[in-house]
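Participant: The structure is given below, and queries will be raised subsequently.
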Amino acid sequence: MSRLQVSYASSFSSPSVPVKYLSEKNENKYFLEKAKVKLFVTHGGQNSFNEILKAGVPVIVIPFFGDQLFNATIAEYLGIGLSIKPGDFVEKFQKTFNKIME
-4 MSRLQVSYAS SFSSPSVPVK YLSEKNENKY FLEKAKVKLF VTHGGQNSFN EILKAGVPVI
56 VIPFFGDQLF NATIAEYLGI GLSIKPGDFV EKFQKTFNKI ME
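Residue numbers for the sequence shown follow the numbering used here, so the first one is -4 and each next one is one higher.
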């Protein structure tokens, strides 16, 4: 299995991203619209899901409860992403990642 190169956006400071873009309110929107995001991994909450729909970025949804389960189903139905059950994450992430990136 090859290793993945992953960039992680968080609310903490980063030397390469101006702090004004790293806030809870708009960090996903900034990265999805401005950066060269090839794949977005999310729990599938409504806010993140709306942002990926607008940005047109492929998604892997790892739903836990509520709207996340529905949004994971919608992502697959629309053909914009795939979902992974939380308990299957470790064994299925690489396979799902490769399938979307083809």
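Beta carbons are placed, not taken as given, at the ideal position from N, Cα and C, and that holds for glycine.
In the structure shown, what three-state DSSP assignment does I57 receive?
Facilitator: coil
Participant: Would you give the residue range spanned by the alpha helix (DSSP H) that V85 belongs to?
Facilitator: 84 to 96
Participant: Could you tell me which residues DSSP puts in a beta bridge with G76?
Facilitator: V54
Participant: Under 8 angstroms from any heavy atom of the ligand FMN, does the C-beta of L27 make it?
Facilitator: Although the ligand FMN was asked about, the structure shown includes no ligands whatsoever.
Participant: Would you tell me roughly how many angstroms separate the C-alpha atoms of S78 and N93, rounded to the nearest one?
Facilitator: About 13 angstroms.
Participant: Can you say whether N66 is buried or exposed, counting buried as having 16 or more other CB atoms within 10 angstroms of its CB?
Facilitator: buried
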